[in-house]
Structures are given as C-alpha cells and as structure tokens.
Amino acid sequence: MAGRDRSLREKVMSLEEAGSFVQDGMKVGVGGSTMSRTPMAMIWQLIRQKRKNLSCSRAIVSTDGDLLFGSGVSDHIITSWFAQGILWGLSKVLRHHVEKEGKNYEEWSHMGVGMRFRAGGMGVPFLPMRAMLGSDVLGQRPEGKQIDCPFTGERLLLVPALNPDVALIHVQRCDAYGNAQIDGLQFMDIDLALAADRVILTTERIVSNDQIRRAPDQTKIPFFCVDAVVEVPYGSAPHECYGLYEPMMKHMEAYVKQVNADPIEGMQAYLDKYFHGPKSWNDYLALIGLEELLEASQRGRSIYND
C-alpha cells in the first residue's frame, strides 16, 4: 500500500479498534499454522463484529477455519490442509459448509501457499516451483500456469502472488511500535507480514524497545510492516503459543464432539457461549477455565525444564 504510514510510532490499541482495519469482503491472511500461534483473539473479535464475505488464507487451517465458516465471517478459505487437528481428522463443519452451503475451500500444496505469500512479500506477480506438478492438486488449481524454463527447458509451475488486505499474526512479544519477536517455528508469518497491505499484531505481552534491541536477531517482523499492536494474554487460546502454553485439550475435545455431532446447531451454541456471550477476552478465558489455562501453561513452559 503506497500511502501506508511506515513511521516509528506507537500503535497500541484495543481488539475493537484493531478490528476496524478489517472490512467486509476483504482478503485476510491468518498467521501461525494448525493449532500453533493462531491469532484467535482477532478471529474472536471479527466474529463478534459480524464481518462478512472474508477470503481467508493460512498455511494450515484447524478449528479456526471451522469458526470462520460456521460464524458466516468467511465464505472462502485458501490453504493446503483443513482439519480439526491431527487428533480429530477432517472437519464435519468444513464438509457441511462446502458441500451444502456452497462455501469455497481452495486447496493448494503447502509449498504452493508458501510461495504465493513469498511472491507477495517480494512484490513480484508470481514465483516458479516444482511442487504440485504431477499431482491431482494441480488439476484443481487453474490459477497455476505451467511453462518451460527459458534457461533449462525444465517444466515449471508459476503460482500467483497472494497479497492479503490485512494479516492477523500472533507473537510471543513485541514493542509498542510493532517490532515482533517469534519463538519457535516462524511458519509463513514473515512473508505474510511483507505481503499484506496492513498487519495487525496480537501479542502475549508488550515489552520495551530496549528489550527488543538487546536481542535484535530475534526480531522477525519489523515495525514498518505493522499497523496495529494489541496486547492479548493467551491470545491463541484454546490453541497453543510455543514456550508459553500448549493447546487446551479438554476444551478442544469438548468442542470437536459438540460441533461434529451437529455442525449447525452445535456450532451456533458454541459461538453463542464463547464468542457472543463474553463481554471481554478475559471473560472468554474465564469460560475456558482457570484450571485448564494453568495446566496448558505448565505444559507449555516445561520445554525450559532441565
């Protein structure tokens, strides 16, 4: 976005204020992967604000995709894999909305999604790759174009750049300007941040710029990519945030059982209780339960035990 303000300025705001960056019909990139560093607090906010017709893209989609389809916020999801997690397999919510409600599930290979974000971040219209050639996935994706390499004659696939209007990314820590540090796997978040016109960062905690500068090698997303910073402890709940908390498995088990038993009424009941009912994110966490939060935190931080 040519007119974007890239100055070094404080960007701290509330979930509600950050939600105003996302309008109906926009393309929204979702950071993290599967059940890791999912920007669940922002998804929670967009559902509460009743956004519509969003086209959402993510490396690998988990129950976040259930919520986006089931709430009516999104009618188009671009990803390489859509399930409720490795433990629970294919989502019945996905199947209902794609097979019966006409929503669009656009599947690429994992490399294909990554290269599309990479092209978007580089500012080029496409990138070449070999993955997907010879696979059935390619037959579903007419957007990819096959060519003979002008240098080697090798057959290659060109995949188009993916440039979301807004990216939602959750990180362990960042400063008030948006310099974000990520522990553990980065997934496709750096390319996503570069590719998107705007970036909303939710973070487990806001730290000082001095702390960021003491470990500059850990800063993965720079301030000039970021438009909003929201401090949201447990902002990936009930998913995980590496080094801080693991997935809240009791909650997840109950959720999957409920929505798979009835993808319509079960999902609506879940949304009413956990998304529309709470007055704040803290109220949402209280519904998940202090005991489950503490157990998830204990497991998440156990990686630092001797």
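This note's numbering puts the first residue of the sequence shown at 2, with every later residue one more than the last. Just so you know, even glycine gets a beta-carbon here, dropped at the ideal spot from N, CA and C.
Within the chosen definition, does the region 148 to 158 reach the region 174 to 190 through at least 3 CB pairs nearer than 8 Å?
-> no
C-beta atoms of Cys57 and Leu69 nearer than 8 Å = yes
What are the boundary residues of the alpha helix (DSSP H) that includes Arg156?
-> In the DSSP assignment, Arg156 falls outside any alpha helix (DSSP H) and lies within the beta strand (DSSP E) extending over Arg156 to Pro161.
Could you say if the region 271 to 283 and the region 82 to 95 meet the contact criterion of at least three C-beta pairs nearer than 8 Å?
-> no
Since I believe Leu169 is in contact with Val31 (beta carbons under 8 Å), could you give me their beta-carbon distance rounded to a whole number of angstroms?
-> 5 Å
Since Arg199 sits in a beta bridge, which residues does DSSP pair it with?
-> Val167
Let me know if Met36 comes out buried or exposed under the rule of 16 or more other beta-carbons within 10 Å of its beta-carbon.
-> buried
So Arg105 is in the beta strand (DSSP E); what residue range does that whole segment cover?
-> Note that residue 105 is Asn in the sequence shown here, rather than Arg. Its beta strand (DSSP E) spans residues Asn105 to Glu108.
What is the rounded straight-line gap between the Cα of Thr204 and the Cα of Glu247?
-> 16 Å
Own chain, CB closer than 7 Å to Phe127, minus 5 neighbours either side, in chain order = Ala120, Leu159, Val160, Pro161 and Ala162
Put Pro217 into one of helix, strand or coil per three-state DSSP.
-> The answer is helix: DSSP assigns Pro217 an H, G or I state.
Since I believe Val23 is in contact with Arg5 (beta carbons under 8 Å), could you give me their beta-carbon distance rounded to a whole number of angstroms?
-> Actually they do not touch by this definition, with Cβ atoms about 16 Å apart.
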